[in-house]
Structure formats: structure tokens, C-alpha cells
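Below is one structure; the comments refer to it alone.
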């Protein structure tokens, strides 16, 4: 029996196995309907997002003015206010101040399609954790409260804040 077919098949099998070791596909709950990650990568470069953010896969995106966007899919919040979900990210990209008033993120001249594409690209960065049942996922279901949520300090007399 000739060993030649085995010698030819082994590299092919090894390359297939190694190809499967790359980044996993975006989980279903983080897929952006209507978004295209390849177009998003182009839009990120065209709109100069790398002038403020570190963004893997985007040439020259090495600035630390805003938060780094590596492993975006693992983030808990969008704009520090809403749970990290595709519709929340798209809303933030289109109008950052409506989601996070006072944010340093500028309003960019993005079209809806570009925001969907950018979100699709960002969700290819990192692997997302499981979202627990009951976690709010839409605008208006999370964020700031009308009253501050302060806990009394138990290491001070009667739980009073410093200076009282």
C-alpha cells in the first residue's frame, strides 16, 4: 500500500483544522441585521474613528483619546449607559448624546446603513459572554435614574457621608 495519499492528505487536514481555530462566528444575539462587517471596516477607516480609538484590524487606529474598542463583543455597556446589544450600539453611533449626554463621542455624519455596518464589524472583535435573562436590552430600559443611587458607608458613624 502506498503512503503517498496519506502524505498528501495530512497537510490538507492540518490546514483545515488550523483554519477552524480562528475567531469564532459572531453569536446570533450579536449579529447586526442588515450590517456587513467588511463594509463596516471601511466605514470606520473613512470616518476616522482611529483618530480617537484603538481598533484592531484598522490601520492607524492606535489613539487612546476614547476607549479602545478591542474585544467589543465582551463589553457590558454602550456609552456607559445601555447594555451592549446591537440596537443600542447603532443608536449610540447615530446619536451619542441621546444615549450618553455629555459623552466625548462626537456626532458623526453616519447614515443608518453605515452605523449597522460599523456595529457588525465591532461585534467581530472578541467573544461575547452570555447575557443573563432579564437584563434590559433596549434604549429606555436602563441608564441613569432620576435620583442618585447612593449606599450609606457602613464604616462611618450612622452611615453618614464624609463631611457630615
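In this note's numbering, the protein residues as written are 40 to 203.
Glycine included, C-beta positions come from ideal geometry on N, C-alpha and C.
(message) Please identify the residue among 75, 146, 159, 163 whose C-alpha is closest to the C-alpha of residue 86.
(response) Your numbering for residue 86 matches position 47 in the chain shown. The residue with the shortest Cα to Cα distance from residue 86 is 146.
(request) Take the Cβ of residue 103 as the centre, count every other Cβ of all protein chains shown within 10 Å, and call the residue buried at 16 or more, exposed below. (result) Taking the first residue of the chain shown as 1, we reach residue 103 at position 64. So residue 103 counts as exposed.
(request) Tell me residue 122's beta-bridge partners as DSSP assigns them. (result) Walking along the chain shown from the start, residue 122 turns up at place 83. According to DSSP, residue 122 bridges with 116.
(message) Helix, strand or coil for residue 104? Go by DSSP, reduced to three states.
(response) Residue 104 sits at position 65 when you count from the first residue of the chain shown. In the structure shown, residue 104 sits in coil (DSSP, three-state: anything other than H, G, I, E or B).
(request) With a threshold of 16 other CB atoms inside 10 Å of the CB of residue 77, please say whether the residue is buried or exposed. (result) In the chain shown, the residue the question calls residue 77 occupies position 38. Exposed, by the Cβ-count rule.
(request) Whole angstroms is fine: what's the gap from residue 143's alpha carbon to residue 134's? (result) Looking up residue 143 in the chain shown gives position 104. Looking up residue 134 in the chain shown gives position 95. One C-alpha to the other measures close to 12 angstroms.
(message) Rounding to the nearest angstrom, what Cα-Cα distance links residue 164 and residue 81 in this structure?
(response) As a first step, residue 164 is located in the chain shown; it is residue number 125 there, counting from the start. As a first step, residue 81 is located in the chain shown; it is residue number 42 there, counting from the start. Their backbone Cα atoms lie some 15 angstroms apart in a straight line.
(request) Just mark residue 138 as buried or exposed, buried being the case when its beta carbon has 16 or more other beta carbons within 10 Å. (result) Mapped onto the chain shown, residue 138 falls at position 99. So residue 138 ends up on the buried side.
(message) Give me, in chain order, the residues of the same chain whose beta-carbon lies closer than 7 angstroms to that of residue 160; leave out the 5 immediate sequence neighbours on both sides.
(response) Translated into positions along the chain shown, residue 160 becomes position 121. Closer than 7 angstroms at Cβ, skipping near neighbours: 76, 79, 80, 83.
(request) Under 7 angstroms Cβ to Cβ from residue 123, same chain only, skipping five residues before and after it: list those, please. (result) As a first step, residue 123 must be located in the chain shown, where it is residue number 84. Taken in chain order, the residues that qualify are 114, 115, 116, 117.
(message) I'd like to know whether the C-beta atoms of residue 105 and residue 158 end up nearer to each other than 7 angstroms.
(response) Numbered from 1 along the chain shown, position 66 holds the residue referred to as residue 105. Numbered from 1 along the chain shown, position 119 holds the residue referred to as residue 158. No, the pair does not count as a contact, with Cβ atoms beyond the cut-off.
(message) At the level of alpha carbons, what is the spacing between residue 152 and residue 132?
(response) Numbered from 1 along the chain shown, position 113 holds the residue referred to as residue 152. Numbered from 1 along the chain shown, position 93 holds the residue referred to as residue 132. Cα to Cα, the separation comes out at about 11 angstroms.
(message) Excluding the 5 residues flanking residue 100 on each side, which residues of the same chain have their C-beta closer than 7 angstroms to its C-beta?
(response) Locating residue 100 in the chain shown gives position 61, counting from the first residue. Closer than 7 angstroms at Cβ, skipping near neighbours: 88, 89, 92, 93, 94.
(request) Work out the CA separation of residue 141 and residue 155 for me, nearest whole Å. (result) To locate residue 155, count along the chain shown from 1; it is residue 116. To locate residue 141, count along the chain shown from 1; it is residue 102. Each residue's Cα considered, the two are about 23 angstroms apart.
(request) Using the DSSP secondary-structure output, state which residues sit across from residue 65 in a beta bridge. (result) Within the chain shown, residue 65 is the residue found at index 26, counting from 1. Residue 65 pairs with nothing; no bridge assigned.
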